[in-house]
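Undergrad: Let me give you the structure first, and then I'll get to my questions.
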Amino acid sequence: MKIAVAIPTYNRKEVLVKCLEAVAGQTLKPECIYVVDNHSTDGTPDLLHSMNYDKEVLGVKVNYNYLPENGGGAMGFSLGMETALKDGGYDAFWMLDDDGLPAKDCLEILSKYVSQYGYVSPVLMDINQPEKLNGACKGSYEPEVLRAAYGGGELMPRYCNPFNGGLFSIEAVRKVGIPKRELFIYGDEMNYDMRMTEAGFPSYGVFSARHLHPVMQDTDVHFLVLGHFKPVKWKMYCMSRNKVYNKKIQKRSAVKKGLVLAYYYMISESYLMFFQRSWSWMKLFHKAFFDGLNERWGGEREYMQTK
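Just so we're aligned, residue 512 is where the sequence shown starts under my numbering, counting upward by one.
Written as structure tokens, this is what we have:
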């Protein structure tokens, strides 16, 4: 099985090197690693070049693409997969963030199931506590609790980590297409999972396949149905716009879709009116909502100039 790997990166040269070594050191070696660099300014190109990692890592070919501007993680996954598709000859595509570390046998285990199911995911573990889950399941961080919640078998229907070690077959990708690069960041992975599911390729988690990833350590505030309120405006804009867009395109009745969007909008407005009391944030939510609804892209650039 010939497998291409897509890894977006931005200003994380040290962890990127570790990720590349972990990917190239798999018991089932991938054919090529497609690294899409979102215009890193921390010396990533020089470091990779000095190690020859912009061409090859542990015998695995590297395709390194340094972009003229930051296109976000969504651009990295989209362009990486698109380039691999154009090169041709691959049976599957493995998608990873640059700060993840797959277990040595992760790809080999996933590859046993991808042809049958089209889309399979590893179990996400805490990189600092490798025996613990990255996120709690029923209040527990024990992997066996997660497995029990999905019926106790090796395969866990609808468990997904699309861009933290998700493996996609060529058949699934040909039917669904590449990730939507316009989403920039936040929600792009769920958009791809939704598209895969609606095309007949729901994810199957593979219990024995493990992928280590840092637990989110952001300054987010939990925000009811919105998930988290991000105090950085461009991040909150992307999260809100993409959530509205994802809700809009879901295959469901127009009435139900409209109610979901209206409820989302009401909650965001209520938060701003009663807690934030800031017209700049009010404007941001208005813009995010209507940009998502009308599929207008690139609005994050306005907010990336400020904190």
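Glycine included, C-beta positions come from ideal geometry on N, C-alpha and C.
How far does the alpha helix (DSSP H) with H797 in it reach, from first residue to last?
TA: W790 to N805
Undergrad: Please classify H560: does DSSP put it in a helix, a strand, or coil?
TA: helix
Undergrad: Give the secondary structure of M667 by DSSP, where H, G and I count as helix, E and B as strand, and everything else as coil.
TA: Reduced to three states, the DSSP call for M667 is strand.
Undergrad: Is the beta carbon of A533 closer than 7 Å to that of P613?
TA: yes
Undergrad: List the endpoints of the continuous alpha helix (DSSP H) containing V687.
TA: I681 to V687
Undergrad: Can you check DSSP and say which residues form a bridge with G716?
TA: DSSP lists S632 and M667 as partners of G716.
Undergrad: Comparing C-alpha positions only, which one of G611, R812, K691 and Y630 sits nearest to V726?
TA: G611
Undergrad: Taking just the CA atoms, how far does G536 sit from P579?
TA: Each residue's Cα considered, the two are about 30 Å apart.
Undergrad: Using the DSSP secondary-structure output, state which residues sit across from E567 in a beta bridge.
TA: K572
Undergrad: Quick one: what's got a C-beta closer than 6 Å to G809's C-beta in the same chain, skipping five residues either side?
TA: none
Undergrad: Would you be able to state if there are at least three C-beta pairs under 8 Å between the stretch 630-637 and the stretch 677-694?
TA: yes
Undergrad: Which whole runs of the alpha helix (DSSP H) in the stretch 572-605 are 4 residues long or more, in chain order?
TA: 583-598
Undergrad: Count the CB pairs spanning the stretch 514-531 and the stretch 553-560 that are closer than 8 Å, and state whether there are at least three.
TA: yes
Undergrad: Whole angstroms are fine: how far does the CA of V516 sit from the CA of L607?
TA: 8 Å
Undergrad: Taking the CB atoms as reference points, tell me whether I696 and G599 lie closer together than 7 Å.
TA: no
Undergrad: For M750 and L657, what's the separation of their Cα atoms in angstroms?
TA: Those two C-alpha atoms are separated by around 27 Å.
Undergrad: Cα-Cα, which of T538, H722 and E693 is closest to N672?
TA: Selected option, being the one with the closest Cα: H722.
Undergrad: Using a Cβ-Cβ cutoff of less than 7 Å, which residues in the same chain neighbour L694 once the five nearest sequence positions on both sides are dropped?
TA: A585, N702 and N753
Undergrad: Would you decide whether P690 is buried or exposed? Buried here means 16 or more other CB atoms lie within 10 Å of its CB.
TA: Classification of P690: buried, given that the 10 Å Cβ count is 16 or more.
Undergrad: Can E665 and T538 be called in contact, C-beta distance under 7 Å?
TA: no
Undergrad: Assign E642 to one of two classes, buried (16 or more other C-beta atoms within 10 Å of its C-beta) or exposed (fewer than that).
TA: In this structure E642 is exposed. Its beta-carbon is surrounded by fewer than 16 other beta-carbon atoms within 10 angstroms.
Undergrad: Quick one: grab the DSSP three-state call for D548.
TA: strand
Undergrad: Once the 5 residues before and after R669 are set aside, which same chain residues still bring their CB inside 7 Å of it?
TA: Spatial neighbours of R669 in its own chain (CB-CB distance under 7 Å, excluding positions within 5 residues in sequence) are listed in chain order as P713 and S714.
Undergrad: If you drop the 5 nearest sequence neighbours on each side, which residues of the same chain put their C-beta closer than 7 Å to that of L621?
TA: V631, P633, L678, V717 and A720
Undergrad: Quick one: is Y703 near chain B, going by C-beta distance under 7 Å?
TA: Within the model displayed, chain B is absent; a lone protein chain is all it includes.
Undergrad: Apart from the five residues just before and just after A660, which ones in its own chain have a Cβ nearer than 7 Å to its Cβ?
TA: C648 and K649
Undergrad: Out of Y756, M793 and E653, state which residue places its alpha-carbon closest to the alpha-carbon of L804.
TA: Y756
Undergrad: From Y577 to D548, what does the alpha carbon distance come to, in whole angstroms?
TA: 5 Å
Undergrad: Throw me the rounded Cβ distance for the D616 and M512 pair, which I believe falls under 8 Å.
TA: With 8 Å as the limit, D616 and M512 do not qualify as a contact, their Cβ atoms being about 14 Å apart.
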